[in-house]
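A.B. asks:
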Amino acid sequence: MFDIDGVYNSQNDRIWAVNRSEADIKGGTRQKRKFPQKVMVWLGVCSKGVSPLIFFEKGTVDHDRYIKEVLPVALKFGNDMFGNDWIFQQDGAKPHTHAKSQEWCTKSFPSFIDKSHWPPNSPDLNPLDYCIWNEFAQLIEWDAVTSKTTLITALKCAVRKISQDVVFESCSSWTNRLYRLSQDKGNYLR
């Protein structure tokens, strides 16, 4: 979720810094409006690049909307990148874990990691969570964001700036991260 005051993702609302000055340089704290205009987006990532950005300007995303608006885009993107030789992975969001979404994925994707084989609450195994969302947010020209329209424009521009090297490295580290998690009994990576 992005709003005109910045990024909304509590998982990413952390700054690693030695002192307050360093924290301020890295983004620090800032005031936010009480009810800012916002937009929800979906983005897919693979070792060859990022998918088209999908905007949800109004309402919430339930399983029906996810199946109609997101999954066909993810399927086309994956097939365009890899033909019929790839695996679709998603996180544990309710629209993703709904029985109808799981059924659609099982029937449609060449291969799919279903909810029973995905570690619960594991941002350490999702390249979007451990790398790409932060990279994306840093590429947004926040000073130019003054309205929902300028936010959408800034998001479209920023997604095109995500470095292919960053995308490739984040996806390439997945196997190593899986191994490290298994060695550390599933604890969060440090």
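Under my numbering, the first residue of the sequence shown carries the number 1458, and numbering increases by one thereafter.
Glycine residues also receive a C-beta, built at the ideal position from the N, C-alpha and C atoms.
Closer than 8 Å by C-beta to L1528: which residues in its own chain qualify, once you throw out the five before and the five after it? Chain order, please.
C.D. replies: Here the set comprises S1558, W1561, C1562 and S1565.
A.B. asks: Keeping to the same chain, check which residues put their C-beta closer than 8 Å to that of D1542; ignore five residues upstream and five downstream.
C.D. replies: Result list for D1542: P1567, in chain order.
A.B. asks: Would you check if the segment 1502 to 1509 and the segment 1603 to 1611 touch, i.e. whether three or more CB-CB distances between them fall below 8 Å?
C.D. replies: Verdict: no, contact absent.
A.B. asks: Excluding the 5 residues preceding and the 5 following D1581 in the sequence, name in chain order all residues of the same chain whose CB lies nearer than 7 Å to its CB.
C.D. replies: Only Y1587, R1634, L1638, Y1645 and L1646 meet the Cβ criterion.
A.B. asks: CB-CB under 8 Å to K1618, same chain, minus the five flanking residues each way: which ones, in chain order?
C.D. replies: So the qualifying residues of the chain are L1596.
A.B. asks: Is G1535 buried or exposed, if buried means 16 or more other CB atoms sit within 10 Å of its CB?
C.D. replies: The residue in question, G1535, is buried, as its Cβ has 16 or more Cβ neighbours within 10 Å.
A.B. asks: Please work out which residues of its chain come closer than 7 Å, Cβ to Cβ, to E1592, disregarding the five sequence neighbours upstream and downstream, and give them in chain order.
C.D. replies: The residues are I1619 and V1623.
A.B. asks: Anyone know if the C-beta pair for C1628 and P1584 falls short of 8 Å?
C.D. replies: Contact: yes.
A.B. asks: Using the Cα positions of Q1621 and I1589, report the straight-line distance between them to the nearest angstrom.
C.D. replies: Cα to Cα, Q1621 sits roughly 11 Å from I1589.
A.B. asks: Please list, in chain order, all residues of the same chain as F1492 whose beta carbon is under 7 Å from its beta carbon, the five residues on each side excluded.
C.D. replies: Residue placement at F1492 is poorly supported in this model, since its pLDDT is 48, which falls under 50; the coordinates are not used for a value here.
A.B. asks: Near K1572, what residues of its chain come up, given a Cβ to Cβ distance below 8 Å and the 5 sequence neighbours on each side ignored?
C.D. replies: G1549, H1553, T1554 and Q1559, listed in sequence order.
A.B. asks: Provide the residue(s) that pair with W1499 in DSSP beta bridges, ordered along the chain.
C.D. replies: Answer is I1511, bridged to W1499.
A.B. asks: Please state the DSSP three-state secondary structure of F1569.
C.D. replies: Strand.
A.B. asks: What number of angstroms, rounded off, separates the C-alpha of W1631 from the C-alpha of F1569?
C.D. replies: If you take the alpha carbons of W1631 and F1569, they lie about 16 Å apart.
A.B. asks: Quick one: what's got a C-beta closer than 6 Å to E1598's C-beta in the same chain, skipping five residues either side?
C.D. replies: Cβ neighbours of E1598 beyond the five flanking positions: A1611.
A.B. asks: Among V1475, N1476, S1579 and K1613, which residue has its Cα nearest to the Cα of A1594?
C.D. replies: The residue with the shortest Cα to Cα distance from A1594 is K1613.
A.B. asks: The alpha helix (DSSP H) that contains D1586, what's its start and end?
C.D. replies: Premise fails: D1586 is in no alpha helix (DSSP H) and is neither H nor E.
A.B. asks: Under a three-way DSSP split, which group does G1535 fall into?
C.D. replies: If DSSP states are grouped into helix, strand and coil, G1535 belongs with the helices.
A.B. asks: Output the distance between the C-alpha atoms of T1603 and D1641, rounded to the nearest integer angstrom.
C.D. replies: Using only the alpha carbons, I get a separation of about 44 Å.
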